[in-house]
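Student: Can you keep this structure in mind? I'll have questions shortly.
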Amino acid sequence: MLGRGRAAIARGDAPEAGGAVLRRTRQAQETATQRRTFRTSRILQEERNSRNTPSEQKRHDLPEQRPDPSPDQHPHGILDRLPHIHRPTKEELLAAATGFWHRLGIRFKWFSIRSGRPFNTDEIGAFVSWVFLGHIIWVIVGTTTFFSIAIFAVNTVFAQETLAGWVGNYLTNSSGVKVVFESAIVPKWGSGVITFRNVFVSRRPGQGKANVTKGSSTSAAAAAAAARAKESGEHVEEQEDTNYTQYDLSFDTVNVTLSFAKWFNGKGLLRDVDIKGVRGVVDRTSVQPGDPSIDPRSYRHEHNTGDFEIDSFKLEDLLVTVYQPNNFRPFSVSIYSCELPRLRKQFLFYDLMSANMMSGSFDDSLFTIHPRQTHNHTGLRFDNDSDDASIWKKHSRIRVDGLKIDHLNRGVEGPFSWIHEGNVDIVADIMFPNDQDGSIAKVMSDFYDRMEATVTSHGYLHTTHQHDTSDHHDSASVAEDTPAEDNRFIVMDLRVHMNDVRAAVPLFNKDLSYVNNALIRPIVAYINSKKTFIPVNCRVVKRTSEFDGSWTIFDSGLLEDLSRETYEAFARDVVDGTQRTRRLKKVGLWTIQLAAQALFIGLAGQLA
């Protein structure tokens, strides 16, 4: 080959001959390199196969007797004989890229595996696991953000009805409430909430399971009216229980934030709720009066897993018309603003009483709930020891001005049921106890106290067993049946001012269950004799456990306690008035006797 190159150079075509020689040289070198690489790979494959043979596995089980490896048999010698392969850098790969997506793929591969080779199975599995775990952490930590992005992704013209149906079905929780969405569900990125606009909620007979649609509130109201008219028809195929409160409400704006942790703990998915602009009708005309012998406390709500426990609840601009049964006049209820630190379905009435702030009107009677204020002091103030400050959580005041008496004399016994005219002003100072301490130290302390009390009671019962066996069995049964009581109390100092009231003696004795018949006529006479203003002061103490499951003032037993305490206050006033009158009569008679005696002494002196 070199000879032919020299001959070509001698003939004068040196440039062309030199280029051909270089090309042939490079091709020969590449061919030799490929042959060496092929031989090396074949040698490595043969060594790998020889290691995996059964004879080799048996040889590994025997004691190792290996000769000293020669330099030619050492694996590093084979690796040293391999040709050096250049590994391309990131810049070289980017320079060889043909477009934007190609460069993006190279950058992603270099970021993840520091190479430009294809992904293997392990890397793909790790990547999928990382994405899945990241989404789980995202759902747990930022539930509202996750759902906001999901809503934004599917909130198209075609998906609006489907998305509204999913969310509405969850919010209604299949409770027989019809929900209508006029507008799409949109996330607010600035405030981090999910917004529902122009929502219509209706609960009427004939709806059955929860029904969620998308449309206008006018059509929903028409459908509800049609269902109402159909229910009042003569031909009814299936009798439906309508003994519940019915309503048609429209919400202007509802802002919610979600929490995966609360949902996982069985407290509902809602964390914060903000409602603005509520209008509608609350119809209770279909509610039938229950058996008078049934205790109202039996109507309390039973706790179910998933009942909402909202951490923050705000309500503004509510105006509804309420229709009561027994042809009671319609009246309006308004809430101008309301802020609750929490709202639980199981303690609904208790949480409403413990609101941070609430103002509104009830049948044109203004009411407010606010923290109690005292001069020269902020927060709680107690006249006793300073240790009492650790017992109470807050001190609130509820004030109702000019409430018509007919809202208080229905379905209750006592003085309120005797009064048939007038209005009352109510001021209630309520002290709410602290929440139960869930710390480990508190739990262990309570457990130790209960165990000590149990041991003491069993020792006492064992001692008394030697004297009276029957008493032992009775006491043991009482001790076993008595549950652990909640020692937290709510204290309510009530001041009731009655204005222009008129009372009448009840006609039937069933209204005098706990009232002394000897005092009823003096109390009625006392009420009628003081038409302008009658002040009544009393205190009500209730366990917080009695508010478990109560939604109204009736099923909590608070109205019955208020009526009883009011009667006792009236009885004290009547007795005090009677004693005062008797004292005045005695003093008056003594004064007349003294004056007559002085007169007679004077006359006797003049005659003498």
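Counting from 1 along the sequence shown, just add 116 to a position and that's the residue number in the numbering used here. No residue lacks a Cβ here, since even glycine has one placed at the ideal position from N, Cα and C. Values in this document were obtained by computation on a predicted structure and should not be read as measured data.
Considering just the uninterrupted stretch of the beta strand (DSSP E) at Ala89, what are its terminal residues?
Tutor: The chain is shown only over 117 to 724; residue 89 falls outside these bounds and no answer can be derived.
Student: Helix, strand or coil for Ala266, going by three-state DSSP, please let me know.
Tutor: Translated into positions along the sequence shown, residue 266 becomes position 150. Correct three-state label for Ala266: helix.
Student: Between the Cα of Met474 and the Cα atoms of Val543, Gly538, Glu455, Ser428, which residue gives the shortest distance?
Tutor: Position 358 of the sequence shown, counted from the start, is the residue given in the question as residue 474. Comparing Cα positions, the closest option is Glu455.
Student: On the CB-based measure, 16 or more other CB atoms within 10 Å of its CB, does Tyr642 come out buried or exposed?
Tutor: Locating residue 642 in the sequence shown gives position 526, where the first residue counts as 1. The residue is buried, with at least 16 neighbouring Cβ atoms inside 10 Å.
Student: For Gln440 and Val403, I'd like the C-alpha separation in whole angstroms.
Tutor: The residue given as residue 440 occupies position 324 in the sequence shown. The residue given as residue 403 occupies position 287 in the sequence shown. Our two residues, Gln440 and Val403, have alpha carbons roughly 8 Å apart in a direct line.
Student: How far does the beta strand (DSSP E) with Asp545 in it extend, from its first residue to its last?
Tutor: Here residue 545 is taken as the residue at index 429 of the sequence shown, counted from 1. 535–549 is the extent of the beta strand (DSSP E) around Asp545.
Student: Can you look up His222 in the DSSP assignment and give me helix, strand or coil?
Tutor: As a working mapping, residue 222 is identified with position 106 in the sequence shown. One detail in the question is off: residue 222 reads as Ile in this sequence, not His. Taken through DSSP and simplified to helix, strand or coil, Ile222 comes out as helix.
Student: May I have the straight-line CA-CA distance separating Ile546 from Ile252, to the nearest angstrom?
Tutor: One-based indexing of the sequence shown puts residue 546 at position 430. One-based indexing of the sequence shown puts residue 252 at position 136. C-alpha separation (whole angstroms): 44 Å.
Student: When the distance is taken between beta carbons, is Asn539 closer than 7 Å to Lys520?
Tutor: The sequence position of residue 520 within the sequence shown is 404, counting from 1. The sequence position of residue 539 within the sequence shown is 423, counting from 1. Asn539 sits close to Lys520, with the two beta carbons spaced by under 7 Å.
Student: Is the beta carbon of Asp677 closer than 7 Å to that of Val652?
Tutor: Residue numbering aside, residue 652 sits at position 536 when the sequence shown is read from its first letter. Residue numbering aside, residue 677 sits at position 561 when the sequence shown is read from its first letter. Contact: no.
Student: Taking the alpha-carbon of Arg688 as reference, which of Gly721, Ile639, Ala269 has the nearest alpha-carbon?
Tutor: Translated into positions along the sequence shown, residue 688 becomes position 572. Minimum Cα distance to Arg688 is reached at Ile639.
Student: Taking only heavy atoms of the ligand ATP into account, decide whether any of them is closer than 6 Å to the Cβ of Ile159.
Tutor: Because no ligand of any kind appears in the structure shown, any question about the ligand ATP cannot be addressed here.
Student: For Gly393, write down the residues that DSSP places opposite it in a beta bridge.
Tutor: As a working note, residue 393 is residue 277 in the sequence shown. None; Gly393 has no bridge partner.
Student: Would a C-beta distance cut-off of 7 Å place Phe263 and Leu386 closer than the cut-off?
Tutor: As a first step, residue 263 is located in the sequence shown; it is residue number 147 there, counting from the start. As a first step, residue 386 is located in the sequence shown; it is residue number 270 there, counting from the start. In this structure, Leu386 does not lie closer than 7 Å to Phe263 by Cβ.
Student: So, is Asp616 buried or exposed, given that buried needs 16 or more other C-beta atoms within 10 angstroms?
Tutor: Looking up residue 616 in the sequence shown gives position 500. The residue is exposed, with fewer than 16 neighbouring Cβ atoms inside 10 Å.
Student: Keeping to the same chain, check which residues put their C-beta closer than 7 Å to that of Leu459; ignore five residues upstream and five downstream.
Tutor: Taking the first residue of the sequence shown as position 1, residue 459 is located at position 343. Correct list, in chain order: Ile426, Phe429, Asp467.
Student: Who pairs with Phe476 in a beta bridge, going by DSSP?
Tutor: Along the sequence shown, read from residue 1 onward, the residue named residue 476 stands at position 360. Per the sequence presented here, residue 476 reads as Gly, with Phe not at that position. DSSP, once it has assigned bridges, lists Ile451, Phe483 as partnering Gly476.
Student: Measure the C-alpha to C-alpha separation of Gly308 and Asn371 and round it to an integer number of angstroms.
Tutor: On the sequence shown, position 192 is the one that residue 308 refers to. On the sequence shown, position 255 is the one that residue 371 refers to. If you take the alpha carbons of Gly308 and Asn371, they lie about 10 Å apart.
Student: Quick one: grab the DSSP three-state call for Lys461.
Tutor: As a first step, residue 461 is located in the sequence shown; it is residue number 345 there, counting from the start. Of the three classes helix, strand and coil, the one that applies to Lys461 here is coil, per DSSP.
Student: Looking at the unbroken alpha helix (DSSP H) that takes in Phe376, where does it start and where does it end?
Tutor: Counting from one through the sequence shown, the residue named residue 376 turns up at place 260. Start and end: 376–380.
Student: Have a look at Ile451 and Val607 and give me their C-alpha separation to the nearest angstrom.
Tutor: Counting from 1 along the sequence shown, the entry for residue 451 is found at position 335. Counting from 1 along the sequence shown, the entry for residue 607 is found at position 491. Straight-line Cα distance between these residues: approximately 25 Å.
Student: Out of Asp517, Arg513, Val397, which has the shortest C-alpha to C-alpha gap to Phe478?
Tutor: The count along the sequence shown starts at 1 and reaches residue 478 at position 362. The shortest C-alpha separation from Phe478 is found at Asp517.
Student: Looking only at its own chain, which residues have a Cβ that is under 6 Å from the Cβ of Thr437, when we skip the five neighbours before and after it?
Tutor: Start at 1 with the first residue of the sequence shown, and residue 437 comes out as number 321. Cβ neighbours of Thr437 beyond the five flanking positions: Val397, Pro446, Ser448.
Student: Please work out which residues of its chain come closer than 6 Å, Cβ to Cβ, to Phe686, disregarding the five sequence neighbours upstream and downstream, and give them in chain order.
Tutor: On the sequence shown, residue 686 is found 570 positions in, with the first residue counted as 1. Around Phe686: Pro531, Ile639.
Student: Let's see if you can read the secondary structure: which residues bound the alpha helix (DSSP H) around Ala213?
Tutor: By 1-based counting over the sequence shown, the position of residue 213 is 97. Segment: none, Ala213 is in no alpha helix (DSSP H) and carries neither H nor E.
Student: By DSSP, does Gly718 sit in helix, in strand, or in coil?
Tutor: Within the sequence shown, the letter at position 602 stands for residue 718. Gly718 falls in the helix class under three-state DSSP.
Student: With 7 Å set as the bound, which would you pick, yes or no: does the beta-carbon of Lys510 sit closer than that to a beta-carbon of chain D?
Tutor: Checking the listed chains, one finds no chain D in this structure; it contains a single protein chain.
Student: Run through DSSP, which three-state label would Pro622 get?
Tutor: For the purposes of this step, residue 622 is identified with residue 506 of the sequence shown, where counting begins at 1. Reduced to three states, the DSSP call for Pro622 is coil.
Student: Taking only three categories from DSSP, how would you classify Phe316?
Tutor: Start at 1 with the first residue of the sequence shown, and residue 316 comes out as number 200. For Phe316, the three-state secondary structure derived from DSSP is strand.
Student: Should Gln709 go down as buried or exposed, given a rule of 16 or more other Cβ atoms within 10 Å for buried?
Tutor: Within the sequence shown, numbered from 1, the residue matching residue 709 stands at position 593. Its Cβ having fewer than 16 others within 10 Å, Gln709 is exposed.
Student: Just reading off the beta strand (DSSP E) that Ile94 is part of, what are its end residues?
Tutor: Nothing about residue 94 can be read from this structure; the chain reaches only from 117 to 724.
Student: For Tyr683, does the three-state DSSP call read helix, strand or coil?
Tutor: Indexing the sequence shown from 1 puts residue 683 at position 567. Looking at Tyr683 - three-state DSSP - the assignment turns out to be helix.
Student: If we count the other Cβ atoms within 10 Å of its Cβ and call it buried at 16 or more, is Tyr683 buried or exposed?
Tutor: As a working mapping, residue 683 is identified with position 567 in the sequence shown. Buried, since its Cβ has 16 or more Cβ neighbours within 10 Å.
Student: Quick check on this structure: which residue in Tyr415, Leu210, Phe248 has the alpha carbon closest to the alpha carbon of Asp671?
Tutor: Here the question's residue 671 lines up with position 555 in the sequence shown. Taking only the C-alpha atoms, the option nearest Asp671 is Tyr415.
Student: Looking only at DSSP bridge pairs, what is His768 linked to?
Tutor: Residue 768 lies beyond the stretch modelled for the chain, which goes from 117 to 724, so this question has no answer here.
Student: With DSSP run on the structure shown, which of helix, strand or coil describes Phe663?
Tutor: As a first step, residue 663 is located in the sequence shown; it is residue number 547 there, counting from the start. In the structure shown, Phe663 sits in a helix (DSSP, three-state: H, G or I).
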